[in-house]
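Its first residue numbered 1, the sequence shown is counted upward by one per residue in the numbering used here. What follows is a short report on a single structure.
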Amino acid sequence: MDGENRIILNVGGFRFETYRTTLKKIPATRLSRLTEALANYDPVLNEYFFDRHPGVFAQILNYYRTGKLHYPTNVCGPLFEEELGFWGLDYNQVEPCCWMTYTVHRDTEATLTILDKLDIETEKKTPEEVARRFGFEDEFLAGKLTRWQKFKPAAWSFFEEPYSSSAAKVFGGSIVTIVLRLRNSIPFQLFKALSVYLLHFANSQH
Numbered sequence: 001m002d003g004e005n006r007i008i009l010n011v012g013g014f015r016f017e018t019y020r021t022t023l024k025k026i027p028a029t030r031l032s033r034l035t036e037a038l039a040n041y042d043p044v045l046n047e048y049f050f051d052r053h054p055g056v057f058a059q060i061l062n063y064y065r066t067g068k069l070h071y072p073t074n075v076c077g078p079l080f081e082e083e084l085g086f087w088g089l090d091y092n093q094v095e096p097c098c099w100m101t102y103t104v105h106r107d108t109e110a111t112l113t114i115l116d117k118l119d120i121e122t123e124k125k126t127p128e129e130v131a132r133r134f135g136f137e138d139e140f141l142a143g144k145l146t147r148w149q150k151f152k153p154a155a156w157s158f159f160e161e162p163y164s165s166s167a168a169k170v171f172g173g174s175i176v177t178i179v180l181r182l183r184n185s186i187p188f189q190l191f192k193a194l195s196v197y198l199l200h201f202a203n204s205q206h
């Protein structure tokens, strides 16, 4: 009887073993509706194959076993959401202890989306205009820029214009998200100092 109740799931090449009754604990999901008539069932190996992320699935299977859904910290938020959607689960079921980590990923993604939009709407300066801004237009026209003169505009853009490059977007978005998340748990003076960056970040969007 126990053998009939056991089931093998091959997810991304990793084999997981559990009970059919365990998978019935969360109805109306992909795992709760498994039958041997499905195309991904292998009667020779007596297992179901899913070409999905095995690391995320380990947490999903644990959810069926314990009733608690934890967020794996080694994957990004969008991938986790995609996997949950495939298995028929809702991200709102994530445990409170993991919610902060999970939502930071989602908030950062939203921030980067805004920065991508700003990148499209913002007119890019030509190399000559950049050189003029930093006072070495003559050296630029003569083709005699020093390494520092080449590096300075890039470094300035990284910190002062969060939409200037992919790396700057990630840096700016991460700073904004982290500071907003920690505003109630860090000393006021530190929050005030970090808010200076946030203020400039907001102004640079206009």
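Glycine residues also receive a C-beta, built at the ideal position from the N, C-alpha and C atoms.
| Item | Value |
| --- | --- |
| Buried versus exposed call for Leu208 [16 or more other C-beta atoms within 10 Å across all chains shown] | Any answer about residue 208 is impossible in this case: the structure gives the chain only from 1 up to 206. |
| Straight-line gap, Gln59 to Leu69 (C-alpha atoms, nearest Å) | 7 Å |
| Per-residue DSSP class, three states only, for Leu45 | coil |
| Cut-off 8 Å between Cβ atoms - residues of its own chain near Ile8, not counting five sequence neighbours on either side | Arg15, Phe16, Glu17, Leu45, Asn46, Glu47 and Tyr48 |
| Arg208 vs Thr22 beta-carbon contact at 7 Å | Lying outside 1 to 206, the shown extent of the chain, residue 208 is not represented and no answer is given. |
| The stretch 91-101 contacting the stretch 71-79, beta-carbon criterion three pairs below 8 Å | yes |
| Rounded separation between Arg132 and Gly143 - CA only | 14 Å |
| For Tyr64, the first and last residue of its enclosing beta strand (DSSP E) | Per DSSP, Tyr64 belongs to no beta strand (DSSP E); it is in the alpha helix (DSSP H), Pro54 to Thr66. |
| Alpha-carbon to alpha-carbon, Phe86 and Gly67 | 18 Å |
| Span separating the alpha-carbon of Phe158 from that of Arg147 | Caution is warranted here: a pLDDT of 49 is assigned to Phe158, below 50, making its placement in the model unreliable, and the coordinate value is therefore given only provisionally. Taking the straight line joining both Cα atoms gives about 17 Å. |
| Beta-carbon contacts of Thr29 that lie in its chain and below 7 Å, excluding the five residues immediately before and after | Trp87, Gly88 and Leu89 |
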